[in-house]
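Q: Sequences listed follow chains A and B, in order.
Under this note's numbering, the first residue of the first sequence is numbered 1, with each subsequent residue one higher.
Under this note's numbering, the first residue of the second sequence is numbered 1, with each subsequent residue one higher.
Input: one structure, supplied below.
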Amino acid sequence: MNNKYAGGSFKATIIALCSAVIITIVLLAVSSDSPIKSILFFFSGPLTNTYNLGNMLDKAGLLIIAGLGMSIAFRAGVFNMGGEGQVYAGAMAAVIVALNIDPSNRFAGIFTVVLAGVLSGAFLAGISGYLKSKFNTDELISSFLISGITIHLVDYLITNLFRDKNSFLSSTDKIPVNLFLKQILGNSHLNISFILALILTFIAFIFIFKTAIGYEIRLSGLNRKFSEYGGIPIKKHYIVPMLISGAMYGAAGSFAALGNFHMGIKGFTDGLGWNGIAVALIAANNPAFIIPGALIFAYLDAGTQIAMIHSDLSFEFSNLIRAVIFFLITAKRFNFKKADSHV
Amino acid sequence: MPENLLKMHNITKVFKENNVKAVDSSDLVLAWGEIHAIVGENGAGKSTLMHILAGELSPDSGKIYMEDREVEFTRPYDSLQKGIGMLHQELKLIPSLTVLENIILGNEPAAKSGIIDKNTAYQKITELCKDFDINVDPDKMVSTLNSDGKQKTALLSLLFHDLKILILDEPTTFFSETKVDTVHKLIRKLKTRGKSVIIITHKLREAIKISDNITVMKTGRTIAEIPGNKASLDKISALIFGTGVFNNLEKHQIQTGPVILEAKKLSYVKDKTELLNINFMLRKFEIVVVSGIKENGLEILEKILSGEIRISSGELLYNNESIGTNSLNLRHINAGYIPSDRIKKGASIKSSIIENIILLKYKKLTKFGLLNQKAIKLFSNNLAEEYGIKGKLNQTMGTLSGGNIQRVMIAREIDNNPELFIFAEPSKGLDIKSKNSIYKKIIKLKENGAAVLIISSDLEEAMQLADNLIILHEGKEAANLSNDNINKAYIGKLMLGLDN
């Protein structure tokens, strides 16, 4: 892989990730009663059995899809901060459709369900893209706000309209078994969506670096004035990248619903939106690095979760680690990118 | 007491981006209470020299002495500490703060508790206003002021700093005639208070009228210092522009073709009249140059022709078809255009040469939506060879020299084979060799039948290239000349508005 596509410094990324690991170890050491055991679980946990490994990879697959969409948006200099809402809405749309269609034709059923998720994610992000191109409304703010509203709406749907009254969880009914995504590693959650994520990575790479529209998107992100001067439809390239990243978030949400949870649970896609941004930033917005980026992120995340389960650490601990990683990665590049694209 | 307040000696500044010597072994001496004007063509180095004095640029060599002591300015704060402040053409104010808050910024009078003592500031500002006859409300928000009020605020903040030397960059450009007198009065008053004032100006009459000494700069050098009472318009404009006659390149007289672009009474009015009743006709096989000094309408004309702004009145005709007050869509009519802002508009600095050079052609270099890498490589290689672009094709533009960036742009635009060509400041920031090669390309374009419009503030360039030369002064057409018997000194006077 050629460095010219990276668009960011690897050294800084590596330093940020290493710092995250060190901080995690320190936090584990000070907050656990049996620090050595916790640290060992943190490092080896995701690899100890196929169940842990599969679940880690499943998370990575979803992060790959979310991260790919974000990296395309970032390349275009467009900021989709509504990932949380888009994933959640995508997942919920998928669940609603899955509960209401005839599940007998498995392939067509899954296709329809995922399509519903993709469309709802794209729709939500598309609103911000449209507002940006039409009224120059800051897409960063509008997508964030729309996402905030969406999360509450979906919460409402799950806890009221679609609530499974027999369940103790705030959740919907279970979707038909025929629509579950096929598991591929023991009884872990790892399913065929992971393979799809790998294929999507390849497609995204071709799209952004090898197609005419990818060229337009990259140029628009680097220098909108120049792109406009060259006759590139820059207004369109506020909308298209938003649609793509929203669609990918929606897809990630529906895969999480079909492959892992099999129902809508309140807050069940929590964090996937923000973590997609972190993965895109780790990968320097290059699809070729999204896979390692997502694997690293998923590994750290799974490690903390497992260390948490096997020790006396509180549930918030894994959120704290996510925050540390996100903070370090974004501190390195995020502000700088934003300033850049608005030149 | 030392002899001089300020001495700048042998100052040189080379801009690494384009390897241009903006200031070349220049000197400047200033006494207490002296009004000193710096005059010269666009790009003569006036502003650069003053930015060095204001601590905004560091010189590559040369020394600055204040009261016979060597000083070194590495940032504007250093200069301010030594009592030197500059009033910029583009005012550096914070719109969301009040006039008072802007004025005291960086020099806040504070009580012992650390809280800003606004009363003292208010008092001092009111005194300054009274003293210098300036009329502005300190409590007003800067964003609510007109350009006049903003200018006053910026000026007050300089006065508030209690400086020894005030540098004023084109202080009267944005004022009407009556207001100009007020500015002059103020400058004289500063002198009576023992302050020294340096003004950068294009207005020779102004320079002669109010200054004790006039320094003339040309191509980065300070070529003459003349006492104000011994200066004359003729003498100075001859120094600035030289006395040569029309220095035409090898141009073959060609029969011109049909009219491609015609402007009828183009006007643009915003806060004031920026452009008034500009007419020109541009034919095939012809180069029309619109020239003038900065801020006299050239920038506005470029914006109009590139479709960035719409004209207020008048008409543009392309191929005899009126496009009314609509803006021209250069890409739509397949015109070539080299903007004056190369770095932000004419090139994508972070992209490769290839990605810059295929800008107008990438759609034709695709197969089923995929970029055809082979065709792109061939296309780029051919252009690079034909136009002498140095460097690897996947090198980023930002690493290239100014001349090379220019060649990439020219290659891209010419290859598109346009009938109409617009060049804004075609040789800005280029060395002599690159300049000449661009000129040759432009003339070749014309000989091949293109209609070429050049917007250039470089008089020499304008005269060398023009079949038809239009001079703008204060947004109006000062002259429309054909290419025979054009005398440099005469045009210089037209540009400066001295012909009457």
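Each residue gets a CB set at the ideal place from its N, CA and C atoms; glycine is no exception.
Every value quoted in this text rests on a predicted model; they were computed, and no experiment measured them.
1. Below 7 Å on C-beta distance, what does Leu119(A) contact in chain B?
2. So Ile213(A) contacts chain B; which residues on that side make the cut at Cβ distance below 8 Å?
3. Mapping the DSSP letters down to three states, classify Met70(A) as helix, strand or coil.
4. Starting from the beta carbon of Lys344(B), find every residue of chain A whose beta carbon is closer than 8 Å, and list them in chain order.
5. At a CB distance below 9 Å, what residues from the stretch 56-83 of chain A approach chain B? Give them in sequence order.
6. Does any CB atom of chain A fall closer than 8 Å to the CB of Thr366(B)?
7. Taking 8 Å as the threshold (C-beta atoms), are Ile389(B) and Ala424(B) in contact?
8. Within 8 Å, do at least three Cβ pairs link the stretch 192-202 of chain B to the stretch 158-169 of chain B?
9. Taking the straight line between their C-alpha atoms, what separation do you get for Ser120(A) and Ile234(A)?
10. Just to confirm, is the Cβ distance from His189(A) to Gly259(A) under 8 Å?
11. Given a limit of 7 Å on CB to CB distance, which residues of the stretch 391-414 of chain B reach chain A?
12. With a cut-off of 8 Å, does the C-beta of Lys363(B) fall near any C-beta of chain A?
13. Along the stretch 229-257 of chain A, what residues have a CB closer than 9 Å to any CB found in chain B?
14. Which whole-angstrom value is the C-beta distance of Glu56(B) and Pro76(B), which I expect to be below 8 Å?
15. Counting only the same chain and skipping the five closest in sequence on each side, list residues whose C-beta sits under 7 Å from that of Asp357(A).
16. For Ala44(B), which of Ala121(B), Phe132(B), Ala224(B), Asp117(B) has the nearest alpha-carbon?
17. In whole angstroms, what is the alpha-carbon distance linking Leu99(A) and Gly250(A)?
18. What residue from Lys165(A), Val113(A), Arg106(A), Ile199(A) has the CA that sits closest to Asn178(A)'s CA?
19. Please list the partners that Lys132(A) has in chain B, where partner means a Cβ-to-Cβ separation under 8 Å.
20. Count the other C-beta atoms from every protein chain shown that fall within 10 angstroms of the C-beta of Asp301(A), then say buried if there are 16 or more, exposed otherwise.
21. Under a Cβ-count criterion, where at least 16 other Cβ atoms within 10 Å of its own Cβ denotes burial, should Gln406(B) be classed as buried or exposed?
22. What beta strand (DSSP E) runs, 3 residues minimum, are completely inside the stretch 296-322 of chain B?
23. Per DSSP, what kind of secondary structure is Asp148(B) in: helix, strand or coil?
24. Using DSSP with H/G/I as helix, E/B as strand and the rest coil, what is Asn480(B)?
25. Cβ closer than 8 Å: which chain B residues qualify as neighbours of Leu219(A)?
26. Give the interface partners of Pro339(B) over in chain A, defined as CB-CB distance under 8 Å, in chain order.
27. Leu40(A) lies in the alpha helix (DSSP H); which residues open and close that run?
28. Measure the Cβ-Cβ separation of Phe42(A) and Thr24(A) and say whether it is below 8 Å.
29. By DSSP, does Pro219(B) sit in helix, in strand, or in coil?
30. Any contact between the stretch 261-281 of chain A and the stretch 62-72 of chain A? By contact I mean 3 or more CB pairs, one from each, below 8 Å.
31. Quick check: the Cα distance between Ala204(A) and Pro287(A), rounded to an integer number of angstroms?
32. Just the Cα atoms here: how many angstroms apart are Leu200(A) and Phe285(B)?
33. Note down, in chain order, each residue of its chain lying with its Cβ closer than 8 Å to the Cβ of Ala331(A), except the 5 sequence neighbours on either side.
34. By the 7 Å beta-carbon criterion, what residues does the stretch 301-320 of chain B contribute toward chain A?
35. Specify the secondary structure class of Thr13(A) as computed by DSSP and reduced to three states.
36. Please report the distance separating the alpha-carbon of Asp24(B) from that of Lys13(B).
A: Put simply:
1. For Leu119(A), no chain B residue has a Cβ inside 7 Å of its Cβ, as the nearest lies near 23 Å away.
2. Within chain B, the residues whose beta carbon sits less than 8 Å from that of Ile213(A) are Gly369, listed in sequence order.
3. In this structure, Met70(A) counts as helix in the three-state DSSP scheme.
4. Asn223, Lys225, Phe226, Val343
5. none
6. yes
7. no
8. yes
9. 24 Å
10. In this structure, Gly259(A) lies closer than 8 Å to His189(A) by Cβ.
11. Asn394
12. yes
13. Answer in chain order: Tyr229, Gly230, Gly231, Ile232.
14. 6 Å
15. Residue 357(A) is absent from the structure shown; chain A starts at 1 and stops at 343.
16. Ala224(B)
17. Leu99(A) and Gly250(A): Cα-Cα distance of roughly 17 Å.
18. Arg106(A)
19. Within chain B, no residue comes near Lys132(A); the closest Cβ sits about 20 Å away, beyond 8 Å.
20. buried
21. It is buried - the Cβ of Gln406(B) has at least 16 other Cβ atoms within 10 Å.
22. 313-318
23. Three-state DSSP puts Asp148(B) in a helix.
24. strand
25. Ser348, Ser351, Glu355, Leu359
26. Tyr229
27. 35-44
28. Contact: yes.
29. Just to set this straight, residue 219(B) is Thr in the shown sequence, not Pro. Coil.
30. yes
31. Cα to Cα, the separation comes out at about 6 Å.
32. Near 54 Å, if we compare the C-alpha coordinates of Phe285(B) and Leu200(A).
33. Within the same chain, and ignoring the five residues on either side of Ala331(A) in sequence, the residues whose Cβ sits closer than 8 Å to its Cβ are Ala16.
34. none
35. helix
36. Cα to Cα, Asp24(B) sits roughly 7 Å from Lys13(B).
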